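The numbering used here numbers the first residue of the sequence shown as 16 and each following residue consecutively.
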Amino acid sequence: MDEMGLLEKARQLAVRERQVRGLYVAAEALCPGALLALALVLLLGWAGQPAWQGLAP
Numbered sequence: 016m017d018e019m020g021l022l023e024k025a026r027q028l029a030v031r032e033r034q035v036r037g038l039y040v041a042a043e044a045l046c047p048g049a050l051l052a053l054a055l056v057l058l059l060g061w062a063g064q065p066a067w068q069g070l071a072p
């Protein structure tokens, strides 16, 4: 990967980090348990599982 490619990747990672930090701050502001819930939903999504599966009767 050339220097320009590395710089672009670093820029993309910085943007993603700002987005994640923004979600973190918003979750903390809403309620303390929201951060845990957000983390669980993201992990379930990453694992390919529907986040709301099993919640409906």
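The beta-carbon is built from N, C-alpha and C at its ideal position, and this holds for glycine as well.
This structure is a prediction, so every number in the text was calculated from the model and none was measured.
Legend entry - Rounded C-alpha distance that separates residue 20 from residue 30: Roughly 15 Å separates the two Cα atoms.
Legend entry - Expected contact under 8 Å - CB spacing of residue 38 and residue 51 to nearest Å: Cβ-Cβ separation between residue 38 and residue 51: approximately 13 Å, too far for a contact (criterion under 8 Å).
Legend entry - Alpha-carbon to alpha-carbon, residue 49 and residue 62: A direct Cα-Cα distance of roughly 20 Å separates residue 62 from residue 49.
Legend entry - Straight-line gap, residue 17 to residue 32 (C-alpha atoms, nearest Å): Their backbone Cα atoms lie some 23 Å apart in a straight line.
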